[in-house]
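Numbering (the numbering used here), first residue to last: 9 to 361.
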Amino acid sequence: MFCFVFHFTECDENCDFPFSLRILLLLLFNLVHLTFENHFFQGKFYLEDPKGKINTSTDSVFHVNGFGFPPTEPSSATRAYYGNINFFGGPSTTSVKMSTKLKQLEEENEDAMFVIVSDVWLDSVEVMEKLNIMFSGYAAMPPTCFIFCGNFSSAPYGKTQLKSLKVSLTFILSRFVFVPGPEDPGPGTILPRPPLADHITEEFRQRVPFSVFTTNPCRIQYCSQELIIIREDLVNKMCRNCVRLPNNNLDIPNHFVRTILSQGHLTPLPLYVSPVFWAYDFSLRVYPVPDVIVFADKYDPFSITNTDCLCVNPGSFPKSGFSFKVYYPSNRTVEDRWGLVLKFFFSLCFWRI
9 MFCFVFHFTE CDENCDFPFS LRILLLLLFN LVHLTFENHF FQGKFYLEDP
59 KGKINTSTDS VFHVNGFGFP PTEPSSATRA YYGNINFFGG PSTTSVKMST
109 KLKQLEEENE DAMFVIVSDV WLDSVEVMEK LNIMFSGYAA MPPTCFIFCG
159 NFSSAPYGKT QLKSLKVSLT FILSRFVFVP GPEDPGPGTI LPRPPLADHI
209 TEEFRQRVPF SVFTTNPCRI QYCSQELIII REDLVNKMCR NCVRLPNNNL
259 DIPNHFVRTI LSQGHLTPLP LYVSPVFWAY DFSLRVYPVP DVIVFADKYD
309 PFSITNTDCL CVNPGSFPKS GFSFKVYYPS NRTVEDRWGL VLKFFFSLCF
359 WRI
């Protein structure tokens, strides 16, 4: 990938030719070739693989009638070939997907739920008020886990935001998983991002020992289910860099999810758009397909199932009317919680109790 473009007209018999001839069987028939499509040279599109590039412009010899993504593969089909190899990560060398005991425990625990919130601005008075309402409502039946995604400050990272973030964390006492956002303290926009620094979260971790400040993206194993959470504004980036936008904006979430799963990568974008730590690129891969992927994005909330994978975007908490998502692992369903009916919902719960 990202090799240079070679011009055949510039080569003579004495030059070092960077390509080697390879035999293509059934050359006269249709050929399906898996490559990477790029257009970074002189505004033209090229098919790119480790051996070189081919110009796909219509005035060249090589013509493309159509191109698309590789087909998505369900996790069950992948594991039929690889068995119990643990691709997901963690201390175990074998996957727990086929564990009957964990599967039974997962189905029996119907009260288990994950509350997913994105853009938790801890320096915003209005956001803190809504969070207090949320905590009060869940006090009688605490969820299995609160997943809070950044950005944790309403303004880009700076000295003032660092101080306010450090103070805000000390006022929240519950059990959470914190996933940093692109504007939180950290190494720019590169992925994966490390957790929030210890000197920011030290006092909070002392008060709440079971809180987890994790990387972005992060992976959660719940019984036999595999969950991936990433906080990045991917929809906007992919729309700006796509070859062709969908005709209907309502189709964008479906196209977005299909692109991620087909590419098997959380950020299928050029490096200058979404830089990646090469040594940790494996943490961005989604092969085999997990059970749940949470795309904490500022785009409108959505819940889409594709290839037996539930893809969820809770939306921006302060920008979407204080909406968030609740995931129930026992039946693998997602419910929407909207800020406009938040107080009524919790009041109704208390009234029923």
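Beta carbons are placed, not taken as given, at the ideal position from N, Cα and C, and that holds for glycine. Note that the coordinates shown come from a computational prediction; the quantities given were computed from them, not determined experimentally.
Residue pairing by DSSP puts residue 304 in a beta bridge opposite 239.
Contact between the segment 244–260 and the segment 203–210 is absent, with fewer than three C-beta pairs closer than 8 Å.
Per the C-alpha coordinates, the member of 273, 300, 298, 299 positioned closest to residue 288 is 273. For residue 312, the enclosing beta strand (DSSP E) has its first and last residue at 310–314. Nearest Cα to residue 316 within the set 85, 78, 229: 85. A buried status is given to residue 121, since no fewer than 16 other beta-carbon atoms sit within 10 Å of its beta-carbon. If you ignore the 5 residues before and after residue 261, its C-beta comes within less than 7 Å of the C-beta of 310, 312, all in its own chain and listed in chain order. For residue 186, the uninterrupted beta strand (DSSP E) run begins and ends at 184–187, by DSSP. The segment 124–141 makes contact with the segment 152–165; the number of CB pairs closer than 8 Å reaches 3 or more.
Bounds of the beta strand (DSSP E) holding residue 156 are 153–157. Distance check between residue 102 and each of 281, 232, 330 places 232 closest, using alpha-carbon atoms only. DSSP, reduced to helix, strand and coil, places residue 332 within a strand of the structure shown.
Less than 9 Å divides the Cβ of residue 300 from the Cβ of residue 340.
For the pair residue 220 and residue 264, the CB atoms are not nearer than the 9 Å cut-off. Check the Cα spacing between residue 79 and each of 334, 345, 321, 314: the tightest is with 314.
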